Amino acid sequence: MKNITLNNGIAMPIIGSGTNTYGKEGNEYRGALRGDTQEVDWAIDNGYRHFDSAQVYNNEEVLGQGIANSQLPREDFFITTKLNTFEGFAGADWAHAEIEKSLEKLQTDTIDLFLLHNPWDNPTEMLEAWGILEDYYKRGVFKAIGVSNFKEEHLDLLLDNAAVRPAVNQIKSQVGTWNEALIAYNKKNNIDTVAWSPLGGIDEQAKQTLEEIGNQYGKTFAQVVLRYNIERNVIVIPKSHNKERQAQSLAIFDFELTENDRELISKL
Ligand code: A2P
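According to this note's numbering, the sequence shown is numbered sequentially starting from 307.
The following block contains the structure:
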């Protein structure tokens with residue numbers, strides 16, 4: 307497993323498992339919890355130690371329970387979760403209560419990476435919310451803090467005013483929407499990029515191109531896309547409800563793309 311060293315020195319595995327439908331009826335985002343931890347168990351068995359969760363997924367407890375069931379030490383895992391800021395910010399007491407709920411559901415005293423899930427239209431509130439994350443970071447409860455879905459102007463707000471620089475910006479970067487300019491902006495500001503839904507956006511034509519590239523190495527279209535990302539130091543968090551496909555997504559450290567391959571992929 308390759309790690310990325312974040313701007314505060316914390317090591318983050320370059321590939322982790324997404325979790326937003328894990329443990330849910332019908333594998334649906336809005337499904338009720340089934341009461342088991344099947345996908346997390348498989349992922350751990352396959353060798354995943356980095357998991358990406360969020361309050362808005364309503365299933366942090368599935369990840370917490372799966373990790374507990376594994377009986378592996380907590381320090382073997384890298385856990386990300388995110389404050390649900392899709393409705394904005396309901397005040398410091400609300401934020402503290404939501405963070406404490408995350409710690410409880412994840413059955414942990416510390417979170418490796420804690421993110422503001424989405425920007426909203428109130429700079430004063432965004433700085434207040436970030437200040438709360440900084441406080442947990444300074445107390446050692448959060449090992450690193452960052453943001454998600456932030457554009458340049460949102461990052462500028464934090465970079466100009468905050469004491470702690472975000473360690474990551476988790477954004478959409480996939481076939482059809484690579485978001486190269488934002489990734490470059492993150493990089494210029496010493497912020498690592500995490501790509502959510504890295505296997506999204508692949509239509510039949512793109513799949514065919516990716517398969518042709520993969521055939522040279524005995525790899526699938528999904529492995530080619532994931533490899534493309536890690537070769538440019540973008541952290542990926544694919545998820546699958548199939549144990550074999552989970553394993554496949556991890557098997558990307560034994561081949562290299564050529565410049566020509568990368569050029570073709572960048573145009574998809
Ligand atoms: P499945 O669960 O049937 O494997 P998202 O964009 O929400 O992260 O979803 C990723 C999608 O990619 C899922 O629908 C998942 O379907 C699929 N997927 C995950 N890993 C692989 C893989 N290695 N090969 C092909 N499809 C994959």
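Backbone N, C-alpha and C define an ideal beta-carbon position, used for all residues, glycine too.
Since the model is a prediction, treat every value here as computed from it, not as a measurement.
Each of G324, S503, L505, G506, T526, A528, P544, K545, S546, H547, N548, R551, Q554 and S555 has a C-beta closer than 6 Å to some heavy atom of the ligand A2P; these make up the full list, in chain order. Collapsing the DSSP output to three states places A528 in a helix. About 5 Å separates the beta carbons of Y335 and T327, which is inside the 8 Å limit, making them a contact pair.
By the Cβ-count criterion, E550 is exposed, with fewer than 16 other Cβ atoms from all chains shown falling within 10 Å of its own Cβ. In its chain, beyond the 5 residues on either side, L556 have a beta carbon closer than 7 Å to the beta carbon of G353. Fewer than three beta-carbon pairs drawn from the stretch 489 to 503 and the stretch 514 to 527 are found closer than 8 Å, and the two stretches are therefore not classed as touching. Fully contained in the stretch 369 to 411 are the following alpha helix (DSSP H) runs of length 4 or more, in chain order: 398 to 411.
Taking a C-beta distance under 9 Å as the contact criterion, V481 and V531 qualify as a contact pair.
Residue burial annotation: W400 is exposed, with fewer than 16 other C-beta atoms found within 10 angstroms of its C-beta.
The stretch 384 to 395 makes contact with the stretch 354 to 362; the number of CB pairs closer than 8 Å reaches 3 or more. When secondary structure is reduced to three states using DSSP, G332 falls in the helix class. Membership of G452 in the beta strand (DSSP E) is indicated by the continuous run I451 to S454. Annotation for N485: I477, K478 and S479 place their beta carbon closer than 8 Å to its own, counting only its chain and skipping 5 residues before and after. For V362, the three-state secondary structure derived from DSSP is helix.
In the three-state reduction of the DSSP assignment, T515 falls in the helix class, which pools H, G and I. Taking the C-beta atoms as reference points, G437 is found no nearer than 9 Å to I497. Straight-line spacing of the CA atoms in L369 and I316 works out to 21 Å. The DSSP assignment places 486 to 494 as complete runs of the alpha helix (DSSP H) inside the stretch 463 to 517, in order along the chain (cut-off: 4 residues). Note on geometry: alpha-carbon atoms of D509 and F527 lie some 11 Å from one another. A398 sits away from E440, with the two beta carbons spaced by 9 Å or more. Only residues of its own chain outside the window of five on either side were considered, and among them R471 and N495 have a CB closer than 7 Å to the CB of L465, listed in chain order. A Cβ-Cβ separation of about 29 Å leaves L412 out of contact with N467 under the 8 Å criterion.
Taking C-beta atoms as the reference points, L461 and L312 fail to come closer than 9 Å. One alpha carbon belongs to L409, the other to E569, and they sit about 42 Å apart.
Rounded to whole angstroms, S376 and E331 show a C-alpha spacing of 22 Å.
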